[in-house]
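Heads up, the final residue of the first sequence is numbered 903 in the working numbering, and it's a clean run with no missing numbers.
Where a beta carbon is used, it is the ideal one built from N, C-alpha and C, also for glycine.
This one's a predicted model, so the numbers in the text were calculated from it and none came from an experiment.
Let me begin by presenting the structure, written as structure tokens, before commenting on it.
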Amino acid sequence: MSNKPSLPRGMRDFGPEKMAKRNFIFNTIKSVFSKYGFMQIETPAMENLSVLTGKYGDEGDQLLYKVLNSGDFLSKSSIDDFNSGSNKLTQKISNKGLKYDLTVPFARFVVMNRNDVTLPFKRFQIQPVWRADNPQKGRYREFYQCDADVVGTESLLCETEIVLMINEVFDRLGITEFTIKMNSRKVLKGIVEAIGAGENETDFLVAIDKLDKIGLDKVKEELSSRGLDANMISMAEDFLSIKGTNNEVIEALSNLLSSSEIGMEGISELNKIQEFLEPFDLRNAHIEIDPTLARGLSYYTGAIFEVKINNVKMGSVSGGGRYDDLTGVFGMPDISGVGFSFGVDRIYDVMDELGLFPEEVTTTTNVLIAHFDEESRQYGLSTLGKIRNEGISCEIYPDIAKIKKQFNYADKKGIPNVIVIGSDEINSGFLKLKDLTTGEETKGEIESLIQKMLD
RNA sequence: GUGAUUGUAGUUCAGUUGGUUAGAACGCCUGAUUGUGGUUCAGGAGGUCGUGGGUUCGAGUCCCAUCUUUCACCCCA
């Protein structure tokens with residue numbers, strides 16, 4: 449009675465090779481975060497639904513994984529609850545869910561630990577999050593986010609540091625062709641004001657965010673189908689057709705937004721961030737101010753970022769922005785924060801596609817000890833200890849097996865060295881070390897073989 | 001949530017208008033080689049054709065449902 453096992457939709461295993469590559473990314477991100485003074489925290493997989501709902505918009509709420517209450521969860525609900533629809537019923541039978549991102553749980557953490565955290569608080573977090581989305585390329589139902597946030601300061605230096613960290617991480621991963629897109633919610637607000645589309649703000653943002661993907665004409669079509677009139681659309685076109693260097697873009701925006709206070713504020717912030725970046729040598733950073741960048745998450749209020757890898761069909765691999773009052777809903781108002789997140793799973797897919805993983809990341813054991821019988825295996829144990837004491841990763845074949853099988857194991861696992869121990873070796877104390885990549889054999893006492901491997 | 005698409009050996013895939021016992025390559029195991037892996041040669045094991053129903057004398061092949069894969073929309077990392 450053995451059924452073939454399977455995995456829920458959108459969930460994945462990571463074998464040894466994949467984990468080695470993923471750890472390469474995780475370690476890189478971790479070391480950069482630490483270098484910039486961020487401290488790691490973790491929060492649980494599940495949060496109360498009261499913490500999660502209402503923070504990601506209606507769409508986001510639908511993508512939340514909800515967990516059924518324990519025990520006889522139906523006993524506390526009535527047929528009336530059932531009849532009033534799944535929304536009402538859900539509230540009765542489920543009060544917790546899997547986290548949807550790392551930022552909201554972090555806000556909850558800050559509020560709950562407000563007496564212990566010193567502001568400004570810089571933290572990073574690397575954990576899986578879950579979304580009941582439809583899987584496709586670069587989109588999974590369980591995926592890892594690597595978040596770094598600073599809360600408790602409005603300084604634009606934080607935005608600057610984010611750009612620096614993004615730059616450094618991609619640089620160290622060997623990804624050179626990427627673009628950091630930057631905009632400000634304030635600029636977007638200014639644009640909405642300027643064209644008088646205040647009532648359709650969300651419609652407007654959703655439509656212009658697609659400019660890259662579907663082109664100007666389609667965006668205009670969409671704007672009109674979303675209820676904007678011809679006059680608004682022609683004004684919107686002025687904004688959508690802004691092109692050029694960052695300074696040119698800022699200048700064009702200034703001209704169009706001169707009457708909007710909030711718009712001008714956004715522009716001066718973007719300018720300041722640029723100014724802060726000047727002292728740094730950003731060779732690979734392609735920072736692009738893009739007035740059409742909108743981003744979905746509703747809690748952003750200031751600068752927003754998104755990173756795309758050029759020439760690869762893949763959504764954004766990193767994104768973030770400033771939120772002025774995320775902790776406000778948890779009863780701790782006026783704490784400004786800014787943060788961003790790396791999508792490790794997408795970065796992995798891109799690096800895999802572009803062949804950017806260095807060979808070394810998959811290296812395993814360095815030495816295998818092969819033996820012929822009980823006696824030589826026993827002798828091999830002391831050899832094993834000596835080699836490990838030198839910090840060299842080493843394993844001994846656990847079974848008494850044909851020497852051929854043991855070599856085969858080393859070959860399959862990619863172990864580059866094999867030490868063979870048999871009665872000759874035990875008697876003479878001279879062991880044989882074979883380098884499987886070259887086929888070369890060295891004979892010597894264990895100390896000299898260790899020395900050779902260390903060289 | 002909407003609309004397509006996919007599923008056959010461990011893996012990648014063949015499989016004719018529905019017809020006898022479902023194939024290949026690679027991988028795996030054993031031996032040639034009793035103290036040496038990768039090459040070569042010989043042999044071998046592996047499939048309830050995603051699952052459950054239906055049509056038919058007969059289904060891997062046709063129909064329905066369901067799960068899964070990939071993709072687009074929506075949204076997003």
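Minimum length 3: unbroken beta strand (DSSP E) runs contained in the stretch 609-655: Unbroken beta strand (DSSP E) stretches of 3 residues or longer found wholly inside the stretch 609-655: 626-632, given in chain order.
Proximity below 8 Å, CB of P739 to CB of V697: Yes, they are a contact pair.
Do you know whose CA, among D872, I894, Y748, L774, lies nearest G833's CA? Nearest option by C-alpha distance: I894.
Tell me the residue span of the alpha helix (DSSP H) that contains T749. First-last for T749: undefined, no H or E at that position.
Which of the three DSSP states, helix, strand or coil, is assigned to N543? Coil, per DSSP.
Could you tell me which residues DSSP puts in a beta bridge with G791? Q593.
Exposure label - Q401; buried when at least 16 CB within 10 Å: The structure shown does not extend to residue 401, since the chain spans only 449 to 903, so no value can be given for it.
Using the three-state DSSP reduction, which class does S689 fall into: helix, strand or coil? In this structure, S689 counts as coil in the three-state DSSP scheme.
DSSP state of V598 mapped onto helix, strand, coil: V598: strand per DSSP, three-state reduction.
Measuring only the C-alpha atoms, how far is E808 from F530? Here the C-alpha atom of E808 lies approximately 57 Å from the C-alpha atom of F530.
Three-state secondary structure (DSSP) of M780: Coil.
So, do the stretch 758-767 and the stretch 788-802 have three or more beta carbon pairs nearer to each other than 8 Å? Result yes; three or more Cβ-Cβ pairs closer than 8 Å.
What are the boundary residues of the beta strand (DSSP E) that R770 is part of? Looking at the DSSP string, the run of the beta strand (DSSP E) that includes R770 is 766-771.
Rank P864, E670, Q575 by C-alpha distance to the C-alpha of A596 and give the top, closest one. The candidate whose alpha carbon is nearest that of A596 is Q575.
What's the call for K891, buried or exposed, on a 16-neighbour Cβ count within 10 Å? Exposed, because fewer than 16 other Cβ atoms sit within 10 Å of the Cβ of K891.
Which word fits E490, buried or exposed, when buried means at least 16 other C-beta atoms lie within 10 angstroms of its C-beta? Of the other Cβ atoms in all chains shown, fewer than 16 fall within 10 Å of the Cβ of E490; this residue is therefore exposed.
Looking only at C-alpha atoms, which of E465, Q539, F788 sits nearest to I610? The shortest C-alpha separation from I610 is found at F788.
Suppose the cutoff is 7 Å on Cβ atoms and the five residues either side in sequence are ignored; what does the same chain contact list for L688 look like? For L688, where only same-chain residues beyond five positions count, the Cβ hits under 7 Å are I656, L659, L664, V667, T740.
Which residues in the same chain as M449 place their Cβ atom closer than 8 Å to its Cβ, once the five residues preceding and following it in sequence are excluded? Confidence at M449 is low in this model, with a pLDDT of 31, below 50, so the placement of that residue should be treated as unreliable; the coordinate-derived value is given next. For M449, where only same-chain residues beyond five positions count, there are no Cβ hits under 8 Å.
I639 versus S708, P583, E647, residue with shortest Cα-Cα distance: Of the residues S708, P583, E647, the one whose Cα lies closest to the Cα of I639 is S708.
Take T608 as the anchor and find which of N631, K880, I623, F591 has the nearest alpha-carbon. Ranked by Cα distance from T608, the first of N631, K880, I623, F591 is N631.
Between M459, D677, L546, K514, which has its C-alpha nearest Q539's C-alpha? Cα-wise, what sits closest to Q539 is K514.
Since N865 contacts D847 with CB under 8 Å, what's their CB separation in whole angstroms? Not confirmed; about 20 Å, so no contact.
Rounded to whole angstroms, what is the Cα-Cα separation between K483 and D619? Going from the Cα of K483 to the Cα of D619 covers about 15 Å.
Does the distance from the C-beta atom of F569 to that of V558 stay below 8 Å? For F569 and V558, yes; Cβs fall inside 8 Å.
Please work out which residues of its chain come closer than 8 Å, Cβ to Cβ, to V617, disregarding the five sequence neighbours upstream and downstream, and give them in chain order. Within the same chain, V617 has close Cβ partners T476, I477, V480, F790.
At least three beta-carbon pairs within less than 8 Å, the stretch 575-585 to the stretch 547-554: Taking a contact to require three or more Cβ pairs closer than 8 Å, the stretch 575-585 and the stretch 547-554 qualify as touching.
Neighbourhood of E736 by C-beta distance below 6 Å, restricted to the same chain and skipping five residues each side: The residues are T627, K629.
Note down the Cα distance separating G533 from S542, rounded to an integer number of angstroms. Cα-Cα distance, rounded: 14 Å.
Can E889 and L881 be called in contact, C-beta distance under 8 Å? Contact: yes.
Please determine, among S706, E590, V815, H734, the residue with the shortest C-alpha to C-alpha distance to I898. A check of alpha carbon separations from I898 across S706, E590, V815, H734 identifies V815 as the nearest.
For T885, count neighbouring C-beta atoms within 10 Å of its own C-beta (all shown protein chains included) and say buried if the count is 16 or more, exposed if not. The Cβ neighbour count for T885, taken over all protein chains shown within 10 Å, is under 16; the residue is labelled exposed.
Just the Cα atoms here: how many angstroms apart are F804 and G622? At residue 804 the sequence reads Leu, which differs from the Phe that was named. Approximately 6 Å, taken between the alpha carbons.
Kindly indicate the opening and closing residues of the alpha helix (DSSP H) around T551. 551-560 is the span of the alpha helix (DSSP H), which, as asked, contains T551.
By a C-beta neighbour count over all protein chains shown, 10 Å radius and 16 as the cutoff for buried, is R460 buried or exposed? The Cβ neighbour count for R460, taken over all protein chains shown within 10 Å, is under 16; the residue is labelled exposed.
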